[in-house]
Structures are given as structure tokens and as C-alpha cells.
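To start, the structure under review is shown below, and the notes come after it.
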Amino acid sequence: NNMLSWQRTAFHFQPDKNWMNDPNGPLFYKGWYHFFYQYNPHGAVWGDIVWGHAVSKDMINWLHLPLAMVADKWYDINGVWTGSATILPDGSIVMLYTGSTNESVQVQNLAYPANPSDPLLINWVKYSGNPVLVPPPGIDMKDFRDPTTAWLTPNGDWRITIGSKVNKTGISLVYETKDFINYTLLDGWLHQVPGTGMWECIDFYPVSLTEKNGLDTSVNGPGVKHVLKASLDDDKNDYYALGSYDIKKDVWTPDNPELDVGIGLRYDYGKFYASKTFYDQNKHRRILWGWTRETDSELADVKKGWASLQTVPRVVVFDHKTKTNVLQWPVEEVESLRSNKKEFNKVKLGAGSIIPLDVGHASQLDITADFEIQKDALEGIMETDAGYNCSTSNGASGRSALGPFGLLVLADNSRTEQTAVYFYIAKDTDGNLKTFFCTDQSRSSKATDVSKEIYGSIVPVLDNEKFSMRILVDHSIVEAFAQGGRTVITSRVYPTKAIAGAARLFLFNNATGAAVTATSVKIWEMDSALMKSYPDQQTA
Ligand code: DQQ
Numbered sequence: 004n005n006m007l008s009w010q011r012t013a014f015h016f017q018p019d020k021n022w023m024n025d026p027n028g029p030l031f032y033k034g035w036y037h038f039f040y041q042y043n044p045h046g047a048v049w050g051d052i053v054w055g056h057a058v059s060k061d062m063i064n065w066l067h068l069p070l071a072m073v074a075d076k077w078y079d080i081n082g083v084w085t086g087s088a089t090i091l092p093d094g095s096i097v098m099l100y101t102g103s104t105n106e107s108v109q110v111q112n113l114a115y116p117a118n119p120s121d122p123l124l125i126n127w128v129k130y131s132g133n134p135v136l137v138p139p140p141g142i143d144m145k146d147f148r149d150p151t152t153a154w155l156t157p158n159g160d161w162r163i164t165i166g167s168k169v170n171k172t173g174i175s176l177v178y179e180t181k182d183f184i185n186y187t188l189l190d191g192w193l194h195q196v197p198g199t200g201m202w203e204c205i206d207f208y209p210v211s212l213t214e215k216n217g218l219d220t221s222v223n224g225p226g227v228k229h230v231l232k233a234s235l236d237d238d239k240n241d242y243y244a245l246g247s248y249d250i251k252k253d254v255w256t257p258d259n260p261e262l263d264v265g266i267g268l269r270y271d272y273g274k275f276y277a278s279k280t281f282y283d284q285n286k287h288r289r290i291l292w293g294w295t296r297e298t299d300s301e302l303a304d305v306k307k308g309w310a311s312l313q314t315v316p317r318v319v320v321f322d323h324k325t326k327t328n329v330l331q332w333p334v335e336e337v338e339s340l341r342s343n344k345k346e347f348n349k350v351k352l353g354a355g356s357i358i359p360l361d362v363g364h365a366s367q368l369d370i371t372a373d374f375e376i377q378k379d380a381l382e383g384i385m386e387t388d389a390g391y392n393c394s395t396s397n398g399a400s401g402r403s404a405l406g407p408f409g410l411l412v413l414a415d416n417s418r419t420e421q422t423a424v425y426f427y428i429a430k431d432t433d434g435n436l437k438t439f440f441c442t443d444q445s446r447s448s449k450a451t452d453v454s455k456e457i458y459g460s461i462v463p464v465l466d467n468e469k470f471s472m473r474i475l476v477d478h479s480i481v482e483a484f485a486q487g488g489r490t491v492i493t494s495r496v497y498p499t500k501a502i503a504g505a506a507r508l509f510l511f512n513n514a515t516g517a518a519v520t521a522t523s524v525k526i527w528e529m530d531s532a533l534m535k536s537y538p539d540q541q542t543a
């Protein structure tokens, strides 16, 4: 449908057509980044799930390959569901995935490359003895899925964790194996959180407390914390927590029980789910992939013939400054698409002002913006705004002394459509200032069948830091990062007027009590990434 074709993105990963969901088994092998994903070859809604496959040199330009695995065995005939890759010390690859059997039982299966000397890993073999794991006693046959990448214990055994639930408690089962064929279920659970429901797509990995690089999944010891992430089936968000892993007891304990998995931090306060990291041994970093669903109607998806995107892959590290969260930042490779840089410095934004920024093509942008508020305004704030919350606020039009201020993206000239990305500073009853980072989609589209939520959360801003944001704009997706990636919000938006050449960009300050200065705003137009289909392309 041509009417909707502008909604396709230019530098976000998406298949040619049809439905996509979770990222699966990302890895780097013989010079190529491999990306697999949950895919419905038959339509733009979830169903008939198989593994799509694409490769890239930079995780930005892609070559689409044939399906890696299809539903052709009794143990995955109802779906080749989510799984993860493990690279063994000898460089060989083990893939574990969930199959939904002919009786819709969730089992774990083993697969490996048919030809390890093929850098594109086109053909995959399913192990003849599959399934390698079936639901253990006490676990429902439909609550046993999404094996993680394995990590090595000092004894030379591998461990994986698999999500499940008992009553309403989300749990992570741990199995030990030497050969990925025979497994022992360990006593107890890696972790559990009452009330969080089914844990899908668990991710478990170390982050360095001292270094900027990422860590291989098996690294442990002093100077390391472990991130535990669960995707909550009940509310479709990805929650993580930082904690310590006792490998002897096989128990992970959160640093702060009040910020435990499922009740504390989210990777992303917009649409971001079923995410998965992998260690990129090529550039010594940990990369986070996440699925972002559509927020228009299913009918619209069927009309346009496709549904869902992956966010731009993000590097994830421990935040050495706050020590309470991770930082997420788009991989540096995305900057290769930047062109036509425009810079605006020291732009004064009086209370209630809106200033257009003259940029060329405003539907494909990479924006960085730093803001400052006069110190006396920060100190003199009288109003209290306890209990402020992006979602229940009046969004970009809800004015108070120190906010909101930020950018309006995907706006049309007269701003009948706009998506606001902004900071809002609220004074709590205890006198402390809290900064919120939000996106407001209530005016993002004239269409009536799309979500118009306001998303966001608190973001730590340390003394002497500016209020800084980065925004990637790509037709129907807006990825927004505050304070170097402490708080992230991904929105899907469906403007009807602010499209292609008609899209505009504005700075705004809707605070009543303070002048804000945009100290430095840098804007790049983004070129389109290359998306090619095998075999029409040279691969060397
Ligand atoms: N999607 C897969 C499951 C997983 C869910 C099926 C999460 O394996 O639990 O498509 O989105």
C-alpha cells in the first residue's frame, strides 16, 4: 500500500515484508554480524514462526539471507521460537532455541551450522536427538522458553538459564551441561520475583565496574556485576537489575531489592521487548538488540504488509558515574550514515518559546542536544510537583516552573502533528529536584487508530552535568537517549502530514519560570542504509 509506504524506515532493521518479533542468536562470526529473528513468512501478524536471518559488516547495512530454520520437525512444528547462540572456546557455534511441539509443549532444541566454513552460515542442522530439554516437574508445559547464551563455570561446565513462572512468581531455571546434549537441572533458581508473572527472554551477563569495554558472557569475579533481564509477558516490557552472581550457590542477588527485576528499571520506557545482548569479540563490546512493535492497528499492519522493527543496536555498559544503572548508546557504526551536519549554539529559549530549526530532510535525523537552565532558577523553584509521572502528566503542554523543554520531531509546519521529546524538572516534597525524560505522542498523528501515549521515567542528572539528549528519527520510529543513555525511550509514531519532505524540527521551552539555553544542538541528516537480498549481491 503506497499510502503507508513512507512508514518504512531507512536505517532500522526490518525484513522486506511480513511480521517480525524477537531478536534471536545474534553473534559475530568470520567477519560478519549475524542477526536472526522471529518471523512469520505468511503475513504481517504473529504466527507460523520461523527464524529469519541477515548478515552485516556493521550492523547497519544488511544482506537478507534465506530462512535459517523453519518449523519442520514434531518438536518445533508449532513454531521455531526464541533462542540464543553460544560460541565455544574452539570457535564453534551452538544454537539453543525453544520449539513449540505438535502438542504445543515448549521444549529446548539444539542446532548448529551445517557448514562452519561458510561465513554466512546459511544452512543449519537440527540435532537428531532433539528435544534436549522438556519442561521439568512442576513447570507448566507452556511456561518453559527462551534459553540464554551459556556461560562457563570454573569446573568447565556450561550453564544456561530458561524463563518460567510458578503461580505468579517469575523464575529463572538453571541447567548445567558439558555437551549441550545432556543437562542437569540445578536446585533452586538463579532468581525469582513474586508478582512478575512469566519471564520471557531472560538475559544474564557481566558488566565491568572499571573498564569501558564489554565482557564475554563467562567473565566473573571481582570488578564485575551481573545484569539480569526478564521480559515480562504480563506487561510486555524489558526489566533489568544490577546484582552479584554467586557462581557456587548459583544465585544472583540484586544490589537494591527495591529495584529488583520486574519492579525496578527498564531498558526502555517506550516500546522495546524481548531484547537480547551478545558479546562482540570483534570490537570488545556488548551489544543489545531489542524488538519494537507497531502501535498502530493490526488492520493497518496488514494493509502495509509488514510489522515491527528492531531498534538500532546499542552498546550496553555499566554507568561508572551513577553506579545504579546501565548506559545504552547506539553503535558507533550508525554515525557512518550522518551527513549535512547543522549546528546551533547558545540558542536562548524564553519561557513558552518555540524555535524552528532549519534542517533539510527531517524524517531521517540524528540529533544531539545539550540544555542549561540558569542556576538561580533551579535553586529558586517554589512549586512542588511530587508524584510527577510522564504517563499521567499533560505531556509537552503541561507547564510548570522548570519544564518541559526539548525538541519537537516529526512535526509539520503548523505543528498540528508533533512528537515531543523533553526534560521536565520537578521538585519533590523533600525539596530535591528530580529530572524526568519523556516523549509525548498525543499529537504525533492525525490518525485515530494509533497509540498516543506519553512515555518516560526519571533520569539521574549529576552535579555540573548539562541536560543532554540524543534522538534518532527514522520515519515511524523515534529513539531517544538521555544523559548518555541512562534513560531511553523508543516510540513508534505515524504522522500523516509530517512525513518525508514535510517533516520539521523545533526546539521548545514550555517552562513558565525559567529561560533555558540550548547550549549545543547538532543535527545530521541520515542516509539510508543498504538492505539487499541474497543472492543478488556480491558478498566478498
Ligand atoms: N516470543 C517468542 C517466544 C518468546 C516471545 C515466540 C517473546 O519464544 O517468549 O515468538 O516475545
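Plus 3 on top of the position in the sequence shown (first one is 1) and you've got our numbering. Using N, Cα and C, we set each Cβ at its ideal position, and we do this for glycine too.
(message) Taking DSSP's pairing of strands, which residues face Tyr42 in a bridge?
(response) Beta-bridge analysis with DSSP links Tyr42 to Met23, Val53.
(message) Does the beta-carbon of Thr432, which I'm using as the reference point, lie nearer than 7 Å to any heavy atom of the ligand DQQ?
(response) No - the ligand DQQ has no heavy atom lying nearer than 7 Å to the Cβ of Thr432.
(message) Between the region 247-267 and the region 279-299, can you find at least three pairs of beta-carbon atoms closer than 8 Å?
(response) No, the region 279-299 does not touch the region 247-267.
(request) Quick one: using the 10 Å Cβ neighbour count with 16 as the cut-off for buried, is Leu124 buried or exposed? (result) Its Cβ being crowded by 16 or more others within 10 Å, Leu124 is buried.
(message) Quick check: what's the CA-CA separation for Gln540 versus Arg473?
(response) The predicted model places Gln540 with a pLDDT of 47, which falls under 50 and marks its position as unreliable, so this point remains unresolved.
(request) Between the Cα of Glu386 and those of Lys345, Ile370, Thr515, spot the shortest distance and give me the residue it belongs to. (result) Nearest option by C-alpha distance: Thr515.
(request) With hydrogens ignored, establish whether the beta-carbon of Ala22 is closer than 7 Å to any heavy atom of the ligand DQQ. (result) In the sequence as displayed, the identity of residue 22 is Trp instead of Ala. Not under cutoff, so the answer is no.
(message) Could you pull the DSSP bridge partners for Glu1 from this structure?
(response) Residue 1 lies beyond the range of the chain shown here (4 to 543); nothing can be said about it.
(message) I'd like to check one pair, Ser396 with Ile457: are the Cβ atoms closer than 8 Å?
(response) Yes, the Cβ-Cβ distance between Ile457 and Ser396 is below 8 Å.
(request) Tell me whether Ile142 counts as near the ligand PLP, meaning its Cβ is closer than 7 Å to at least one heavy atom of that ligand. (result) Annotation note on the ligand PLP: not contained in the displayed structure, which lists the ligand DQQ as its ligands.
(request) Check whether the Cβ of Trp54 sits closer than 7 Å to any heavy atom of the ligand DQQ, and report yes or no. (result) No.
(request) Would you list the one or two residues that DSSP bridges to Asn170? (result) In the DSSP output, where bridge partners are listed per residue, Asn170 has none listed.
(request) List the whole-angstrom C-beta distance separating Asp388 from Ser403, where the pair is believed to meet the contact cut-off of C-beta under 8 Å. (result) Between Asp388 and Ser403 a beta carbon distance of about 6 Å is seen, short of the 8 Å cut, so the two are scored as contacting.
(request) Please confirm if the region 82-95 is in contact with the region 361-369, defined as three or more CB-CB distances below 8 Å between the two stretches. (result) Contact fails: fewer than three Cβ-Cβ distances are below 8 Å.
(message) Is Ala277 a contact residue of the ligand DQQ, with contact defined as CB to any heavy atom under 7 Å?
(response) It does: the Cβ of Ala277 is within 7 Å (strictly closer) of some heavy atom of the ligand DQQ.
(message) With a threshold of 7 Å (Cβ to nearest heavy atom), would Asp25 be considered close to the ligand DQQ?
(response) Flag set: Cβ of Asp25 near the ligand DQQ.
(request) Compare the Cα-Cα distances from Tyr208 to each of Ser479, Ser448, Ile163, Val169 and report the closest residue. (result) The residue from Ser479, Ser448, Ile163, Val169 with its alpha-carbon nearest to that of Tyr208 is Ile163.
(request) Confirm the yes/no value for this check: CB of Thr101, any heavy atom of the ligand DQQ, distance under 7 Å. (result) Look at Thr101: its beta carbon is less than 7 Å from one of the heavy atoms in the ligand DQQ.
(message) Using only CA atoms, which one of Gly504, Leu235, His15, Trp84 lies nearest to Asp51?
(response) Nearest Cα to Asp51 within the set Gly504, Leu235, His15, Trp84: Trp84.
(request) Evaluate Thr542 with the Cβ neighbour count: other Cβ atoms within 10 Å of its Cβ, from every protein chain shown; 16 or more gives buried, anything less gives exposed. (result) With a pLDDT of only 45 at Thr542, under 50, the local geometry of the prediction cannot be trusted, and the value read off the model is given with reservation. Burial check for Thr542: the Cβ neighbour count within 10 Å stays below 16, so the residue is exposed.
(request) Whole angstroms is fine: what's the gap from Asn126's alpha carbon to Leu66's? (result) Across the structure, Asn126 and Leu66 are spaced so that their CA atoms are roughly 15 Å apart.
(request) Give the DSSP-derived three-state secondary structure of Leu189 in the structure shown. (result) Judged by DSSP in its simplified three-state form, Leu189 adopts coil rather than helix or strand.
(message) Quick check: the Cα distance between Arg264 and Ser131, rounded to an integer number of angstroms?
(response) In the sequence as displayed, the identity of residue 264 is Val instead of Arg. Rounded to whole angstroms, Val264 to Ser131 spans 36 Å at the Cα level.
(request) Report the residue from Asn348, Ala521, Tyr497, Phe183 whose alpha carbon sits nearest the alpha carbon of Trp9. (result) Minimum Cα-Cα distance from Trp9 among the listed residues Asn348, Ala521, Tyr497, Phe183 corresponds to Tyr497.
(request) Return yes when the Cβ of Leu113 is within less than 8 Å of the Cβ of Thr183, no when it is not. (result) The sequence given here places Phe at residue 183; Thr does not occur at that position. Yes, the Cβ-Cβ distance between Phe183 and Leu113 is below 8 Å.
(message) Taking 8 Å as the limit between beta carbons, can you name the residues of its chain near Leu68, skipping five residues before and five after?
(response) If we look at Leu68 and ignore the five residues flanking it on each side, its Cβ neighbours are His56, Ala57, Val58, Leu123, Ile125, Tyr537.
(message) Using a Cβ-Cβ cutoff of less than 6 Å, which residues in the same chain neighbour Phe484 once the five nearest sequence positions on both sides are dropped?
(response) Cβ within range, chain order: Arg473, Val491.
(request) Go through its chain and collect everything with a Cβ distance to Pro463's Cβ below 6 Å, but skip five positions before and after it. (result) Cβ contact annotation for Pro463 (same chain, cutoff 6 Å, sequence separation greater than five): Thr325, Arg489, in chain order.
(message) Give the list of continuous beta strand (DSSP E) stretches no shorter than 3 residues that lie fully inside the region 332-362.
(response) Listed in chain order, the complete beta strand (DSSP E) runs (minimum 3 residues) inside the region 332-362 are 341-352, 356-360.
(request) Label Lys228 either buried or exposed according to how many other C-beta atoms from any shown protein chain fall within 10 Å of its C-beta, with 16 as the threshold for buried. (result) Counting every other CB atom within 10 Å of its CB across the protein chains shown gives Lys228 a total of 16 or more, marking it as buried.
(request) Could you please give the first and the last residue of the uninterrupted alpha helix (DSSP H) stretch that includes Val305? (result) Where Val305 is concerned, the enclosing alpha helix (DSSP H) stretches over 301-307.
(request) Classify Trp77 as helix, strand or coil using the three-state DSSP reduction. (result) Three-state DSSP puts Trp77 in coil, outside helix and strand.
(request) Label Ser103 either buried or exposed according to how many other C-beta atoms from any shown protein chain fall within 10 Å of its C-beta, with 16 as the threshold for buried. (result) By the neighbour-count rule (16 or more Cβ atoms within 10 Å), Ser103 is buried.
(message) So, at 8 Å on beta carbons, what are the nonlocal neighbours of Asp160 in its own chain, with the 5 sequence-adjacent residues on each side left out?
(response) Only Glu179, Thr180, Lys181 meet the Cβ criterion.
(request) Return yes when the Cβ of Phe374 is within less than 8 Å of the Cβ of Lys306, no when it is not. (result) 8 Å or more divides the Cβ of Lys306 from the Cβ of Phe374.
(message) Please give me, in chain order, every unbroken run of the beta strand (DSSP E) with length at least 3 that falls completely inside the region 117-184.
(response) Annotation note: the region 117-184 contains the following uninterrupted beta strand (DSSP E) runs of length 3 or greater, listed N- to C-terminal: 127-129, 161-169, 172-180.
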